[in-house]
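Undergrad: Residue numbers (the working numbering), protein chains in the order written: chain A, 14 to 355; chain B, 14 to 355. Beta carbons: idealized from backbone N, C-alpha and C, even for Gly.
Protein chains: 2
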Amino acid sequence: MTKPRSRRGGGRPTIADVARKAGVGAITVSRALREPGRVSEDLRRQIQAAVDELGYVPDPNARALASARAEVFGVLVPSLTNNVFAEVVRGIYDSLSDSPFRIQIGNTHYSGLEEERLLQVFGSQRPAALIVAGIDQTPGARRLLENAGCPVVQVMETGPDPVDMMVGFSHLDGGRTATEHLLQAGYRKIGFIGARMDPRSQRRLAGYRAAMEAAGLFDPRLITTTPVPSSVSLGRELFRDALAKMPVLDGVFCNNDDIALGVLFECHRASLDVPKQIGIVGFNDLDMMQVSFPSITSVRTHRYEIGTRSVGMALAAIAGNPPEQRIVDLGFELVRRESTAR
Amino acid sequence: MTKPRSRRGGGRPTIADVARKAGVGAITVSRALREPGRVSEDLRRQIQAAVDELGYVPDPNARALASARAEVFGVLVPSLTNNVFAEVVRGIYDSLSDSPFRIQIGNTHYSGLEEERLLQVFGSQRPAALIVAGIDQTPGARRLLENAGCPVVQVMETGPDPVDMMVGFSHLDGGRTATEHLLQAGYRKIGFIGARMDPRSQRRLAGYRAAMEAAGLFDPRLITTTPVPSSVSLGRELFRDALAKMPVLDGVFCNNDDIALGVLFECHRASLDVPKQIGIVGFNDLDMMQVSFPSITSVRTHRYEIGTRSVGMALAAIAGNPPEQRIVDLGFELVRRESTAR
DNA sequence: CAGACAAATGGTAGCGCTACCATCCCTATG
DNA sequence: CATAGGGATGGTAGCGCTACCATTTGTCTG
């Protein structure tokens with residue numbers, strides 16, 4: 014007769030099986046796995062042997078239930094295909110790959126309501142930390158973050174009023190820097206082209222506007238935007254619209270690099286010389302900016318580092334020593350290339 | 014005196030709180046939430062009111078522990094930034110957004126060992142389904158998939174021996190079709206350029222080779238590959254290498270669209286006329302292929318659909334009616350554009 | 001050498017939920 | 001009108017793990 018195995022448990026070894034095999038109490042196995050320092054060398058070895066032999070893997074659900082804390086990082090991003098967030102997420106994954114923490118990604122589709130819903134779902138798991146993109150949470154989302162009972166890192170942007178911690182940079186400064194560069198290069202009728210005008214895009218636009226106004230060159234007809242998601246083909250279309258509206262255009266600051274690439278291709282098609290007739294500046298500095306012909310000036314942002322840094326701050330907070338500096342500005346760099354060299 | 018609240022539970026309402034407020038048993042609340050049809054209209058309304066009032070959200074950990082089944086889809090992809098997988102993942106997210114299922118993504122970094130490790134971790138959660146990229150699992154990974162006790166969908170490729178279900182297409186046929194198109198357009202010295210030669214890239218190369226051999230034009234010196242991850246700048250470099258090795262090159266089939274774009278830019282720089290002197294074909298048909306100047310012929314693949322379809326099959330299997338057809342070939346389409354029109 | 005104290009180990013009692021098995025009540029049947 | 005059968009509801013007993021509080025042992029102090 015086999016011993017009466019649990020009906021439900023699917024036959025996987027449990028901590029009790031390991032304890033029996035190692036001849037110790039279950040709690041000691043638990044400790045050996047979580048706080049090896051508190052178990053004697055001898056027992057630790059015996060337990061490890063039993064774990065290996067049985068192929069025991071702790072059940073994270075049971076662990077979470079018993080300790081009222083799941084080893085999960087909740088991550089909220091507005092898009093999964095946008096290269097910008099993909100890089101941040103990659104940084105997060107790489108930073109957590111050797112830790113016991115799992116990652117749960119939520120896609121808000123740029124919707125505040127969806128963000129609230131996902132925070133509700135995430136909250137029910139009692140995550141170890143939350144990393145959310147952006148600083149413009151709805152009041153409801155903000156309340157959920159404040160009551161999450163875990164470290165929270167807002168990423169992509171910096172701002173004055175963090176829920177807990179922040180890692181990012183100033184999109185407004187980025188937009189201004191890009192525009193000032195075009196001005197310094199001698200361009201005058203500089204357009205702004207932007208798709209998916211999320212809050213960060215809006216602030217880049219504000220930076221553009223500030224620079225243009227300071228130069229006394231601002232004209233609202235220079236701005237061409239759409240709420241449609243960004244793409245290279247959209248960049249082409251928007252640039253055509255912009256040119257139709259303002260044929261005198263001699264430069265464009267693009268909301269992002271996809272748009273900039275689309276603009277460049279349209280210039281080729283229309284036989285507009287870049288940088289002589291049109292100057293182009295992108296945003297984010299994707300790899301292809303340095304390869305294109307002509308290569309495209311862009312504002313380099315540190316997306317992967319935003320991911321790694323946010324994890325580092327959250328881990329520190331979990332360990333009980335939250336970072337001194339709760340707001341980390343990783344800055345950006347203007348990378349000058351052929352598209353604005355005239 | 015307040016009633017002695019649990020020390021550990023952080024104060025969130027539990028199913029017992031809802032039951033008390035609604036004046037029913039806890040199990041009835043549980044049923045009302047999971048199988049509304051089995052609870053009378055009246056009670057259902059009362060319970061819903063109590064849930065809303067208390068802001069009750071079920072604890073997924075407790076649920077998973079009690080039912081020995083977590084409402085989680087495990088997803089294993091080799092890269093998070095590669096647009097191809099990002100699209101698949103987006104399809105998966107969109108298909109599951111209205112379901113109770115959460116998604117857990119693992120990044121294998123193209124490593125079989127890492128894949129095994131992640132399957133081990135995922136398995137400990139008893140996921141509702143597993144979706145894994147590729148069909149070349151290590152023997153260990155394959156065993157873990159077979160013993161996962163849940164539906165498994167292998168995606169991106171089709172092959173003869175599914176663990177359970179498959180959704181994808183034939184990369185070999187895709188490579189052959191692309192190459193045959195170049196041959197039909199009159200190109201003869203057709204090179205293959207590929208980065209990150211994962212199993213799918215290898216099969217595209219095999220398709221290229223088959224077509225070239227059938228035409229009596231195969232020459233191993235036409236092949237330029239590297240294990241380095243793909244990028245636009247790498248495409249440019251590899252093309253330069255290829256030209257240096259074989260100056261007679263008159264066409265290239267690129268492993269993917271990033272490479273193809275790099276090749277196009279290098280042609281611009283070197284003043285090589287596309288398509289007259291050099292024909293270019295990409296793979297995947299990203300949006301930018303249609304916009305570039307000249308536009309680039311590519312093999313369109315149905316990445317988003319791979320994601321949605323794999324979820325559909327898994328959900329059907331979970332519901333007890335696994336699809337008749339366990340292997341779904343979504344095919345591909347050659348999209349002819351300017352880069353091969355001479 | 002008693003007493004204090006720390007380190008190592010274990011027992012017990014849940015964490016919040018659902019599987020399983022009652023129980024109850026109502027309707028249909030002969 | 002007794003009985004069977006089905007639908008609605010509830011009680012009990014865990015799921016696998018860890019927090020909390022012993023208990024045991026060894027070591028150091030005065």
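Looking at Leu93(B): is its Cβ nearer than 8 Å to the Cβ of Ala99(A)?
TA: Indexing the second sequence from 1 puts residue 93(B) at position 80. Indexing the first sequence from 1 puts residue 99(A) at position 86. Yes, these two residues count as a Cβ contact at 8 Å.
Undergrad: Name the residue from Leu262(B), Ala329(B), Val287(B) whose alpha carbon lies nearest to the alpha carbon of Ile203(B).
TA: Taking the second sequence and counting its residues from 1, the one referred to as residue 203(B) is at position 190. Closest by alpha carbon: Leu262(B).
Undergrad: Strictly below 7 Å CB to CB, what residues from chain A border Gly275(B)?
TA: Reading the second sequence from its first residue, position 262 is the one you call residue 275(B). Per Cβ cutoff of 7 Å: Val304.
Undergrad: Can you name the residues that DSSP bridges to Arg313(B)?
TA: Numbered from 1 along the second sequence, position 300 holds the residue referred to as residue 313(B). In the DSSP output, where bridge partners are listed per residue, Arg313(B) has Asn297(B), Glu346(B).
Undergrad: For the candidate residues Arg155(A), Ala146(A), His194(A), whose alpha-carbon lies nearest to that of Gly119(A)?
TA: One-based indexing of the first sequence puts residue 119(A) at position 106. Comparing Cα-Cα distances from Gly119(A) to each of Arg155(A), Ala146(A), His194(A), the minimum goes to Ala146(A).
Undergrad: Using C-beta distances below 7 Å, list every residue in its chain close to Ala154(B), excluding the 5 sequence neighbours before and after it, in chain order.
TA: In the second sequence, the residue the question calls residue 154(B) occupies position 141. Cβ neighbours of Ala154(B) beyond the five flanking positions: Gly125, Glu128, Glu129, Leu132.
Undergrad: Output needed in chain order: residues of the stretch 265 to 297 of chain B with a Cβ under 9 Å from some Cβ in chain A.
TA: Flagged, chain order: Asp271, Leu274, Gly275, Leu277, Phe278, Glu279, Cys280, His281, Arg282.
Undergrad: Spatial neighbours of Leu247(A) within its chain, please: C-beta separation below 8 Å, excluding the five flanking residues on both sides.
TA: Reading the first sequence from its first residue, position 234 is the one you call residue 247(A). Contacts found: Ala208, Thr239, Val241, Asp271, Ile272, Gly275.
Undergrad: Cβ closer than 8 Å: which chain B residues qualify as neighbours of Thr94(A)?
TA: Against the first sequence, residue 94(A) aligns to sequence position 81. Result: Asn96, Ala99, Glu100, Arg103.
Undergrad: Can the beta-carbon of Thr192(B) be found closer than 8 Å to that of Met225(B)?
TA: On the second sequence, residue 192(B) is found 179 positions in, with the first residue counted as 1. On the second sequence, residue 225(B) is found 212 positions in, with the first residue counted as 1. Against a cut-off of 8 Å, the Cβ pair of Met225(B) and Thr192(B) comes out as a contact.
Undergrad: Is Phe135(A) helix, strand or coil when you go by DSSP?
TA: Residue 135(A) sits at position 122 when you count from the first residue of the first sequence. It is helical.
Undergrad: Could you compute how far the alpha carbon of Val102(A) sits from the alpha carbon of Thr121(A)?
TA: In the first sequence, counting from the first residue as 1, residue 102(A) sits at position 89. In the first sequence, counting from the first residue as 1, residue 121(A) sits at position 108. Cα-Cα distance, rounded: 14 Å.
Undergrad: Taking its Cβ as the centre, do 16 or more other Cβ atoms sit within 10 Å of Val63(B), making it buried, or is it exposed?
TA: Here residue 63(B) is taken as the residue at index 50 of the second sequence, counted from 1. One detail in the question is off: residue 63(B) reads as Ala in this sequence, not Val. Buried is the call here.
Undergrad: Taking 8 Å as the CB-CB limit, is Asp30(A) close to chain B?
TA: The residue labelled residue 30(A) in the question sits at position 17 within the first sequence. Asp30(A) does not count as touching chain B.
Undergrad: Rounding to the nearest angstrom, what Cα-Cα distance links Ile144(B) and Tyr317(B) in this structure?
TA: The sequence position of residue 144(B) within the second sequence is 131, counting from 1. The sequence position of residue 317(B) within the second sequence is 304, counting from 1. One C-alpha to the other measures close to 14 Å.
Undergrad: Report the rounded CA-to-CA distance for Arg20(B) versus Pro175(A), giving the unit in angstroms.
TA: Within the second sequence, residue 20(B) is the residue found at index 7, counting from 1. Within the first sequence, residue 175(A) is the residue found at index 162, counting from 1. Only weak support exists for where Arg20(B) lies, its pLDDT of 44 falling under 50; the value from the coordinates is given anyway. Approximately 30 Å between the Cα atoms of the pair.
Undergrad: Ordered along the chain, which non-local residues of its own chain (more than five positions away) have a Cβ less than 6 Å from that of Ala77(A)?
TA: Locating residue 77(A) in the first sequence gives position 64, counting from the first residue. Ala83.
Undergrad: With burial defined as no fewer than 16 other Cβ atoms inside 10 Å of the residue's Cβ, what is the status of Asn334(A): buried or exposed?
TA: For the purposes of this step, residue 334(A) is identified with residue 321 of the first sequence, where counting begins at 1. Exposed, because fewer than 16 other Cβ atoms sit within 10 Å of the Cβ of Asn334(A).
Undergrad: Along chain A, which residues have their Cβ under 9 Å away from the Cβ of Gln61(B)?
TA: As a working mapping, residue 61(B) is identified with position 48 in the second sequence. Result: empty, since nearest Cβ-Cβ is about 16 Å, beyond 9 Å.
Undergrad: Flag Gln197(B) as yes if its beta-carbon sits less than 8 Å from any beta-carbon of chain A, otherwise no.
TA: Residue mapping note: residue 197(B) aligns to position 184 of the second sequence, counting from 1. With 8 Å as the cut-off, Gln197(B) does not count as an interface residue toward chain A.
Undergrad: Opposite Asn95(B) in the DSSP bridges: which residues?
TA: Locating residue 95(B) in the second sequence gives position 82, where the first residue counts as 1. Bridge partners of Asn95(B): none, in fact.
Undergrad: Just to make sure I have the definition right: I need the residues of chain B whose C-beta is within less than 7 Å of the C-beta of Val245(A). Which are they?
TA: The residue you call residue 245(A) lines up with position 232 of the first sequence. Per Cβ cutoff of 7 Å: Asp300, Met301, Val304.
Undergrad: Does DSSP classify Leu196(B) as helix, strand or coil?
TA: Taking the first residue of the second sequence as 1, we reach residue 196(B) at position 183. In this structure, Leu196(B) counts as helix in the three-state DSSP scheme.
Undergrad: From the DSSP output, in three-state form, read off Leu277(A) for me.
TA: Within the first sequence, the letter at position 264 stands for residue 277(A). DSSP places Leu277(A) in helix when its eight states are reduced to three.
Undergrad: Who are the neighbours of Asn160(A) on chain B, taking C-beta pairs under 8 Å?
TA: The sequence position of residue 160(A) within the first sequence is 147, counting from 1. Under the 8 Å cutoff, chain B gives no residues; its nearest Cβ is about 10 Å from Asn160(A).
Undergrad: Output needed for Ile291(A): all residues of its chain with C-beta closer than 6 Å, excluding positions within five of it in sequence on either side, in chain order.
TA: Within the first sequence, the letter at position 278 stands for residue 291(A). Here the set comprises Cys280, Leu285.
Undergrad: Please state the DSSP three-state secondary structure of Arg76(A).
TA: Within the first sequence, residue 76(A) is the residue found at index 63, counting from 1. Helix.
Undergrad: Take every Cβ of the stretch 303 to 317 of chain A, pair it with every Cβ of the stretch 342 to 349 of chain A, and state whether three or more of those distances are shorter than 8 Å.
TA: Cβ pair count under 8 Å is three or more, so yes.
Undergrad: CA-CA distance, Arg47(B) and Arg58(B)?
TA: Locating residue 47(B) in the second sequence gives position 34, where the first residue counts as 1. Locating residue 58(B) in the second sequence gives position 45, where the first residue counts as 1. One C-alpha to the other measures close to 14 Å.
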